[in-house]
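Visitor: Here it is, the structure in full.
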Amino acid sequence: MEIPVLPDVTVVFGLAVVVILVCHRLKVPAIVGMLLTGMLCGPHGLGLVRSAHDVEILSEIGVIMLLFTIGLELSLADLSRLKRPVFIGGSAQMALTWAVFFAVPYYLLDFSGGSSVLIGMLAALSSTAIVLKTLQECSQMEAPHGRVSLGILIFQDLLAVPMMLAVPLLAGRTFGFTNSIVYTVGKGALILVLLVFFAKKIMPGLLLSIVRTRSRELFLMTALAICMAVSLLTASIGLSLSLGAFLAGLLLSGSDYRENLHEAVLPFKDVFTSLFFISIGMLLNVGSASAHLGEVIVAALLLLVTKAALAGTAARILGYPTRTAVLVGMALCQVGEFSFILAKTGFDKDVISEHFYQKFLAASILTMVLAPFCITLAPRIAALVCRWLRVCDAPDELPAAHYSNHLIILGFGAGGRQLARAAKNAEIPYVILEMNPDTVRNEAKKGEPILFGDASKPGVLSHICVQEAKALAVVISDAAASRRAVEIARQENPALYIVARTRFNTEITALLDLGANDVIAEEFEASLGVFTRVMDKFMIPHDDIERMVADIRREGYKSMLPGSFDELAVHVPDKSLAGLHVAVFTVDTASPLAGRSLMDVHLRREHDLTVAAARRGDEFVPNPDGPFVLSAGDRLYVMGTAEALKKGAGLFRGA
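Below you can see the structure in the form of structure tokens.
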């Protein structure tokens, strides 16, 4: 049986492999390769795809999966902390962008009122799929600009439905716009209440029953069913599919199985998200865009620059420093995928002309192509902007007391909180620097010595007495800001001890070169912890393990390269110890060992077992000697081979 869409999907994936490989060699982001693939194989390119609409339908699943996984990675508590970026930042960005892109066509280019309103709406939206995917790949979702960008994108998704309902009104056709909005909001609130009830009362028991079956297939089908069902439910009341998927992931984020859910849908998300970007590229009429290439490039650049400035202004309204504002602006400077749907609807209802529609598509897709580059280059551009504006983003007030021999903590996420708690318990003076104004406000009320400011600016570190500090801990998620903070701190205080956390091994050398004394790489330290525990399990002496770990760190983590462990083999004196294990046995009242001394039971001579330690109530006896008398209830730490331990277990239990 022939599947109509199968030849098209085969062509798309085959061409995508070639194009993305070329992009990889040229160090171009994969998203750009997907967009170029769509341009090449689409109906306006080489015409290799006969049914672009079918591919577009499949691509919608990619957006659903992407938003579902984003929701899983958040929680309701995280979302409550995002309320200011969502409602204040989102409304500021939408209002500013709409106002500018309405005023220019209406007052300067003589567009009609309806067309100008629609153009403002088209420009106000950004690409949720591109921004979130790129930020995830760069591990910047937890950074301040990542959180603000996510909040603004959520607000844009919430306004997508009213915008769609407003298009007929712009064409002079009224269909009960106000009533439709009220009705849609009412249904949305009702469905949200039902979803919360389902997630709290029914979902835990359902997931537990499914997990007990130990069936990966059943768990996968459950994850997909939940994601699709909630998406269809929100779509049935006029909201977007992607918003429903985000809500589904958000409601399941508090589940004990969210990591399993994320893992189950991850392969589907990657495949279908790729189809989404390819389908966006198929929309472009390459011939029409080539005929007006100059206008398209100018329009795309104006969109990028203007949207970046306005989104950055929204971040400044939220109280974030200039550097964060620039990063937010660069992340949200492209046109969104929902804008294509709005533009198509406006074109069908004669709100905009076909000539403008094609130019808009070309300019918008060009902004999408450039979006990953903008996000990647954003830290450098932010540094240039801050230098040009000569801003330091210092705290509004000097510290209340003069700090000396203190600890400076940059960032108040999970790592910063743990470090601050430990410093408080040890009575070590410390001060925290954080760029999230909400966190600063809330923690200051609790009595934390926390200040608002950007640590990548020299003036900020001077305000918290970095010249007289004893140690600096950099625990922020922004790699570029971490490098700059380390560099400035080392210049200000050559004697300062600096330890920095980074997520990637590739950042280690740069931070060490800039002056960090120690760099903690999350992915490597996790593997080092596994390595230590495995060596310990195989009875490698602790001093040898510590020596190997020290060598690894002294070599600057180069031991992660293949073959580097060969040099460390000399530290293992006797590999025969790897066969030894330690087990804990409790002496039962019926055991023949109860009431007898170790000298009398001959555990070592007759059973190849050695009692390394014993615990009797609160008393701990290391290396008990021969006269030590065993009593019922004693917990014995017994060393031997796996076979000897298995055979000797019955001695401690008795009959």
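Numbering-wise (my numbering), the sequence shown opens with residue 2 and increments by one.
The C-beta atom is built at its ideal place from N, Cα and C for all residues, glycine as well.
Pick out whichever of 479, 593, 447 has its Cα sitting closest to the Cα of residue 632.
Guide: 593
Visitor: Between the alpha carbons of residue 516 and residue 476, how many angstroms are there, rounded?
Guide: 16 Å
Visitor: Taking DSSP's pairing of strands, which residues face residue 640 in a bridge?
Guide: 583, 611
Visitor: Taking residue 590 as part of the beta strand (DSSP E), name the residues at either end of that continuous run.
Guide: No beta strand (DSSP E) contains residue 590, which DSSP labels as neither H nor E.
Visitor: Excluding the five sequence neighbours on either side, which residues of its own chain have a C-beta within less than 6 Å of the C-beta of residue 305, listed in chain order?
Guide: 334, 368
Visitor: When the Cα of residue 121 is compared with those of 87, 167, 144, which residue comes out closest?
Guide: 167
Visitor: Out of 479, 227, 115, 147, state which residue places its alpha-carbon closest to the alpha-carbon of residue 455.
Guide: Ranked by how close their Cα comes to the Cα of residue 455, the residues 479, 227, 115, 147 have 479 in first place.
Visitor: When you compare the stretch 432–440 with the stretch 400–419, are there three or more beta-carbon pairs, one atom per stretch, that lie closer than 8 Å?
Guide: yes
Visitor: Measure the alpha-carbon distance for residue 640 versus residue 605 and round it to whole angstroms.
Guide: 10 Å
Visitor: Leaving aside the five residues before and after residue 584 along the sequence, list all residues of the same chain whose C-beta is less than 7 Å from its C-beta, in chain order.
Guide: 639, 646
Visitor: On the premise that residue 506 lies in contact with residue 526, defined as a C-beta separation below 8 Å, what is that separation, rounded to the nearest angstrom?
Guide: In fact, because the Cβ distance is near 10 Å, the residues do not count as touching under 8 Å.
Visitor: So what's residue 428 in DSSP terms, helix, strand or just coil?
Guide: coil
Visitor: Could you check if residue 99 is buried or exposed, using at least 16 other CB atoms within 10 Å of its CB as the buried criterion?
Guide: Residue 99 should be labelled buried.
Visitor: Just how far apart, CA to CA, sit residue 125 and residue 48?
Guide: Approximately 32 Å, taken between the alpha carbons.
Visitor: Thinking C-alpha only, which one of 6, 308, 467, 33 is nearest residue 21?
Guide: A check of alpha carbon separations from residue 21 across 6, 308, 467, 33 identifies 33 as the nearest.
Visitor: Does the stretch 362–380 come close enough to the stretch 186–195 that 3 or more CB-CB pairs lie under 8 Å?
Guide: no
Visitor: So what does DSSP say about residue 456, is it helix, strand or coil?
Guide: coil
Visitor: Taking the C-alpha atoms as reference points, what is the distance between residue 649 and residue 603?
Guide: 12 Å
Visitor: Under the three-state reduction of DSSP, which class applies to residue 451: helix, strand or coil?
Guide: strand
Visitor: Over the uninterrupted alpha helix (DSSP H) stretch that includes residue 373, give me the two end residues.
Guide: 355–390
Visitor: Which value, in whole angstroms, describes the spacing of the CA atoms of residue 1 and residue 434?
Guide: Any answer about residue 1 is impossible in this case: the structure gives the chain only from 2 up to 656.
Visitor: Give the C-beta separation of residue 83 and residue 152 to the nearest angstrom, bearing in mind that I take them to be a contact with Cβ-Cβ under 8 Å.
Guide: Rounded, the Cβ-Cβ distance is 4 Å, consistent with contact.
Visitor: Whole-angstrom Cβ separation of residue 502 and residue 489, contact assumed at under 8 Å?
Guide: Not confirmed; about 17 Å, so no contact.
Visitor: Terminal residues of the continuous alpha helix (DSSP H) containing residue 247?
Guide: From DSSP, the alpha helix (DSSP H) with residue 247 extends over 242–253.
Visitor: Let me check understanding here. Comparing Cα to Cα, which of 154, 268, 251, 238 lies closest to residue 227?
Guide: 251
Visitor: I'd like the list of long-range same chain contacts for residue 340, defined as Cβ closer than 7 Å, with 5 residues on each side in sequence excluded.
Guide: 123, 126, 365
Visitor: Ends of the alpha helix (DSSP H) at residue 314?
Guide: 294–318
Visitor: If we count the other Cβ atoms within 10 Å of its Cβ and call it buried at 16 or more, is residue 222 buried or exposed?
Guide: exposed
Visitor: Going by the CB atoms, is the gap between residue 199 and residue 211 shorter than 9 Å?
Guide: no
Visitor: Around the C-beta of residue 406, are 16 or more other C-beta atoms found within 10 angstroms, so that it is buried, or is it exposed?
Guide: exposed
Visitor: Measure the C-alpha to C-alpha separation of residue 289 and residue 14 and round it to an integer number of angstroms.
Guide: 26 Å
Visitor: What would DSSP say about residue 216, mapped onto helix, strand or coil?
Guide: coil
Visitor: When the Cβ atoms of the stretch 321–332 are set against those of the stretch 374–382, are three or more pairs found closer than 8 Å?
Guide: With the cut-off at 8 Å, the stretch 321–332 and the stretch 374–382 touch.
Visitor: Would you say residue 116 and residue 277 are within 9 Å of each other, going by their C-beta atoms?
Guide: no
Visitor: Rounded C-beta distance between residue 471 and residue 408? I'm assuming under 8 Å.
Guide: 7 Å
Visitor: Can you grab the Cα-Cα spacing for the pair residue 18 / residue 225, in whole Å?
Guide: 26 Å
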